[in-house]
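Residue numbers (my numbering), protein chains in the order written: chain A, 1 to 483; chain B, 1001 to 1483.
The beta-carbon is built from N, C-alpha and C at its ideal position, and this holds for glycine as well.
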C-alpha cells in the first residue's frame, strides 16, 4: 500500500469552529511540514460565516502560533476559504471554487471533505455534497465524519443510509480519535509481530482480559450532551468496543483496512448477549474528592436534572463465543470522576499450574500480566515473578516496563495520524459502517433494560458492586496500580 | 524444608589459605550477622600450620576488616584453631578438639567440614576424616568439596569412590560457585513461576538457545594449572554444564535437591553424542587488544609452552534428544581474552509465522529473545517488536529490562548463599556425584579426538569458524549486544 500523498484539496467544513483551530489545523501543519507533503496539499476552509481567504489565513496563523508552532512550513498561498452562504445546502459555489483552484494549481481532482460540524447537520451536508455532484471527481473523493455515528441503532442506520446514498463505503472515513493513538496501532503490531505473546493469546493461556477507561474529570460544561448520552453511548459503544475488538480479533491476512475490519466485525458477531442483571453494573458519581479537592456529585453539576438516572460509570463482563476465547471473561469499566485518568488493558495469563516452591514458603504464585497502557503514558508493562535475593526464599512480582516517551521522540497526536491516513487513503484505523451499527445493536439495549444505577463517590474506582463482576476490581486492585 | 540453622561447628580445612580469608570468612561473617545465626555457629580453622586460636582470630579479623566489614557481629569467642600437625592424616587431635568444643558449648554434634585445600589432598583428607571416625557424629556431619571434582572421568570416579567409602551422598556438598549466584537460583524461579515463559519452553516455540560465558581476562599467573586444564575442563564440564541443565530440564516435582538433580541428570542422559568435527570449535587466543590495551597471545603468556595446543575457547552445538527439545540446538561458547566479560543465556523464540506487515515495509520481523544475564549485571531482558511512532510504518525491536541491582539492595555473594545452604542442609545448588561423572564422560572425549584449535585475536569474539556452528555468532551478534 502506497503511503505517498497525491496532490489534493483538503476541505474542512466548520472551518471557523473550535475543533478546526485546536486540532485539525495543527495536525495539518505537522503533516505539511513533512518532506514533500506541503506542496501537494491545498487547504480550503468552508463554513457559513462570511470570511475571506485573508481572514481565515490570519485566524489559522494565530491558532498555530498559540500551539507553539513556528509557521516556517506554513504556506498561506495554499490556504483558502469559501463561504457556504446562508443556504447551506446549496454547494454550487463550493463546487465552482474547488474546480477553480484545481484549474489554477493544475490539480488532478483529489478531494477530502472533513466534516468538523455538529452531528445534526451531517445528513444535510452529505446530501448537499451529493446533490452538488461533489461525491465524485476526476480523482478520488473522501468524506471524513467524526463520532458520534448516530445516537442509537436507528439513527446510525439512518446516517449510514444517507451516506451510502451518495458515497461508497470506501470513500467514508469515520474517525474515532482513540484509534489514532500510536498505542492502538501498536497494539496490532505488538500482537502480531511478537510470537511470544500471540501464541498465548487464547483461552488455553489467558484467564481474563480487563479494559479500563477511567477519567478523573467530571462532565465539565457538557451536561446538555452528557445527560442525554451517558457513559455507554459516550465511551463503550465506540472507543471501548474498538479497543476490545482489536484485542480479541483473529490475525488478519494482512495489515490493511478491509482485512482488519472484517476480523473486528467477526468479534462483534461472536459476542454472547449481555445479561442485564448479571453482566452489567451502572453507576453515577456522588460528591467526593478528586486529587484532594472536593467535587460535586453528578446530579449537582450545572444543568443536570436532580433526578437524572444517566450512568456516568459502566462495568461489563463480555464473553466471546468463538474457539479462541470461549470461557475467557472480558471485563470492561469506564467512568467519569474516577480515582485517576487511566486507559489500560490488562491481559492476565494463567498461573503456573502448580508451585514447585510450595514447600519453600511460596505456595501461591502470581499470574503473569501484560499491561497495555494508552493513558497517561503510552507503553507496555509485563509482570513476572522472580526470587528476591537472599534469605528467606521468597518469590516476588517484578515488572518489565516500556514507555514510548522514554525511547522515541515526537509521538504524533491522534489527529495527525488520522488526517494523514485520509490523505493517503488508508481506512485501517477508521470505523466501518457495519462495525458502528453492530456495536449500537449490541450495547444500546442495556439502556432500556432497567439496569440499576449504583452511586459511587467521586474519586473512587466506581461502585463496589463491580466486584460482583470481577473480584479483582477493588480499590487499587492489581491491574490498576501504575507500578 | 526448614531453613533454620541448628547449632554446629564449621570446620575449615586450609584455614590459613587465601580462599579462606578472601571468600569463606567474609561469607561466614555475613551469615553470622543474621538474626540468631551467630550464636549457633562455631568456627574451627584447621591446617598444618602451627597457629594458635589467637593467631587465627587476629588474621581473621584482619581479613574481614580488609573487606570493609565492621566486625560488630564478629564474636572471637566462637572462633578457634586446631593445628593438624605434620602428619596430616592423623585427625585424632582434631576429633578431640571438636568433641571438647561441643562439650564446652553444649553442642549437639552437628559438623561441617569445608575442604578449602588443593584437590590433590582431597582423597587423603577425606580418608583421614573417615579413619578418625569424623564421618559420623551424634548430630549431622557434612563435607564440602570445591571444584574441580577430578580431572577426567577416571579421577572423578576415584574421588567419588573415596568419598562414598566414608560419606553418603547426602552428606556431600560439591560446590560450583557459579551455582551460588542469585540469578542461577532465580533461573529456576523464573522458569517455573512464570507460566508465560514456561509454557513456551519447548521445541514448538523456541528456535535455539545460546549460552555465552566469556571473559576478557587472560589466564593471569595460572599457566601451570590452565595449560593442563584448558577451557573445556575449566568451564564447560562444570559451570556451563550446570547452566545448560538448569535451562533444559523438565519441571521438578518440587524445589528440593533430589528432585532437581534428578531432572538435571535426565538432561545429560538425553544428550546426543557430540560430533567432534561438526559440533565443536576449539580456539586459542593470539596477541590482540583488550579494552584498548595490547595483550600477548596465549603462547606468549609466562610459563605457557610455545607450542601449547591447549584450548582457551570452546564453541559447541548440543542437541537434547527428548520430547521437549528434539531439533532445538543449544549453542555454547566460552573463552578467555574475549571482547567482554559476559555470562548470558539467550532463549530465542520462533518468529511470527508470517508478517501481516509484509506489504507495509516490514516483511521480516525479529524473533522475541529472552536474555538471562549473570555477568556483569544480573538480570533479565526481553526483546520485542513495536511500531515506531509516526511515518513511515516501521517495526522496531525494543527491550524490556530488569536488573536485580536496580530493584533489590544487597545481593549475597555466591559463597554466602552456598555456605548457608551447607549449614541448613540444602543440597539443591550442589553437584551430585552422578552429574559430575556424566559430565566428564560426555565432554572429555573431545580432548582426545584431534579437534582443530583455531587462533583468534585477543579481544575478539573467538574464532570466526564458530559461525559454522551458529551463524548468529559474529562480531557483536544480536544475542551479545548488551542493550
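Using beta carbons (cut-off 8 angstroms, strictly below), is residue i in contact with chain A?
i	result
residue 1483 of chain B	The predicted model places residue 1483 of chain B with a pLDDT of 30, which falls under 50 and marks its position as unreliable, so this point remains unresolved.
residue 1047 of chain B	no
residue 1250 of chain B	no
residue 1469 of chain B	no
residue 1186 of chain B	yes
residue 1268 of chain B	no
residue 1477 of chain B	Residue placement at residue 1477 of chain B cannot be trusted, given a pLDDT of 48 that sits under 50; what the coordinates show is reported in the next sentence. Residue 1477 of chain B does not count as touching chain A.
residue 1385 of chain B	yes
residue 1020 of chain B	no
residue 1261 of chain B	no
residue 1256 of chain B	yes
residue 1364 of chain B	no
residue 1472 of chain B	no
residue 1359 of chain B	yes
residue 1035 of chain B	no
Pull the bridge partners of residue i from the DSSP assignment, please.
i	result
residue 38 of chain A	Beta-bridge pairing links residue 38 of chain A to no other residue.
residue 1046 of chain B	B:1013 and B:1082
residue 274 of chain A	For residue 274 of chain A, which the question treats as bridged, DSSP gives no partner whatsoever.
residue 1528 of chain B	Given a span of 1001 to 1483 for chain B in the structure shown, any question on residue 1528 of chain B remains unanswerable.
residue 1174 of chain B	B:1145 and B:1431
residue 1209 of chain B	B:1330 and B:1347
residue 29 of chain A	Paired residue(s): none; residue 29 of chain A is not in a bridge.
residue 1455 of chain B	B:1284
residue 1293 of chain B	B:1290
residue 1317 of chain B	B:1331
Check whether chain B comes within 8 angstroms of residue i, counting only Cβ atoms and requiring the distance to be less than that.
i	result
residue 484 of chain A	Missing from the structure shown is residue 484 of chain A; chain A here goes from 1 to 483 and no further.
residue 446 of chain A	no
residue 222 of chain A	no
residue 253 of chain A	yes
residue 351 of chain A	yes
residue 374 of chain A	no
residue 71 of chain A	no
residue 137 of chain A	no
residue 388 of chain A	yes
Name the residue from the options whose alpha carbon lies nearest to the alpha carbon of residue i.
i	options	result
residue 236 of chain A	A:25, A:317 and A:450	A:317
residue 114 of chain A	A:144, A:464 and A:121	A:144
residue 213 of chain A	A:32, A:368, A:344 and A:364	A:344
residue 452 of chain A	A:279, A:470 and A:442	A:279
residue 193 of chain A	B:1371, B:1365, B:1417 and B:1105	B:1365
residue 392 of chain A	B:1254, B:1035, B:1009 and B:1014	B:1035
residue 397 of chain A	A:381, A:226 and A:23	A:381
residue 363 of chain A	B:1255, B:1419, B:1449 and B:1371	B:1255
residue 568 of chain A	A:436, A:158, A:101 and A:108	Since the displayed chain A opens at 1 and closes at 483, residue 568 of chain A lies outside it and no answer follows.
residue 1154 of chain B	B:1450, B:1118, B:1433 and B:1167	B:1433
residue 1129 of chain B	B:1056, B:1171, B:1322 and B:1152	B:1171
residue 1142 of chain B	B:1010, B:1464 and B:1309	B:1010
residue 403 of chain A	A:389, A:226, A:376 and A:417	A:376
residue 1150 of chain B	B:1178, B:1431, B:1326 and B:1472	B:1431
residue 62 of chain A	A:25, A:97, A:84 and A:51	A:25
residue 206 of chain A	A:412, A:276, A:347 and A:449	A:347
Would residue i pass as an interface residue toward chain E - the criterion being a Cβ-Cβ separation below 8 angstroms?
i	result
residue 356 of chain A	You won't find chain E in this structure, because its protein chains are A and B.
Worksheet item: Residues in the region 390-415 of chain A with C-beta within 9 angstroms of chain B's C-beta atoms, listed in sequence order?
Response: Contact annotation: in the region 390-415 of chain A, residues whose CB is within less than 9 angstroms of a CB in chain B are 390, 391, 392, 393, 395, 396, 398, 399, 400, 401, 402, 404, 407, 408, 409, 410, 411 and 412.
Practice prompt. Could you say if the region 1070-1084 of chain B and the region 1036-1047 of chain B meet the contact criterion of at least three C-beta pairs nearer than 8 angstroms?
Written response: Touching, yes, given that three or more Cβ pairs across the two stretches are closer than 8 angstroms.
Worksheet item: Just by C-beta distance, which residues in the region 190-216 of chain A are closer than 9 angstroms to chain B?
Response: Within the region 190-216 of chain A, contact with chain B at the beta-carbon level (separation under 9 angstroms) is assigned to 190, 192, 193, 194, 195, 196, 197, 198, 199, 200, 204 and 205.
Discussion item. Taking contact to mean 3 or more Cβ pairs, one atom from each stretch, closer than 8 angstroms, check whether the region 1199-1206 of chain B and the region 1047-1064 of chain B are in contact.
Written reply: Remark: fewer than three beta-carbon pairs, one from each stretch, lie closer than 8 angstroms, so the region 1199-1206 of chain B and the region 1047-1064 of chain B are not flagged as touching.
Worksheet item: Hey, is the region 1217-1226 of chain B in contact with the region 1329-1337 of chain B, meaning 3+ C-beta pairs nearer than 8 angstroms?
Response: A contact exists between the region 1217-1226 of chain B and the region 1329-1337 of chain B.
Worksheet entry | Contact the region 1343-1358 of chain B vs the region 1255-1262 of chain B: 3+ CB pairs below 8 angstroms | Judged by Cβ distances under 8 angstroms, the region 1343-1358 of chain B makes no contact with the region 1255-1262 of chain B, as fewer than three pairs qualify.
Worksheet item: Does the region 413-432 of chain A touch the region 1-11 of chain A, meaning 3 or more C-beta pairs lie closer than 8 angstroms?
Response: Cβ pair count under 8 angstroms is three or more, so yes.
Worksheet item: Listed in chain order, which residues of the region 104-119 of chain A have Cβ atoms closer than 9 angstroms to some Cβ of chain B?
Response: From the region 104-119 of chain A, no residue has a Cβ closer than 9 angstroms to chain B.
Fill in: Contact list for the region 421-432 of chain A against chain B, Cβ threshold 8 angstroms
Considering only beta carbons, no part of the region 421-432 of chain A lies closer than 8 angstroms to chain B.
Discussion item. Counting only Cβ-Cβ distances shorter than 9 angstroms, please list the residues of the region 3-17 of chain A near chain B, keeping chain order.
Written reply: Along the region 3-17 of chain A, the positions whose C-beta sits under 9 angstroms from a C-beta of chain B are 3, read in chain order.
Item to complete: Could you run through the region 1050-1079 of chain B and flag, in chain order, every residue whose CB is less than 7 angstroms away from some CB of chain A?
Response: So nothing in the stretch comes that close.
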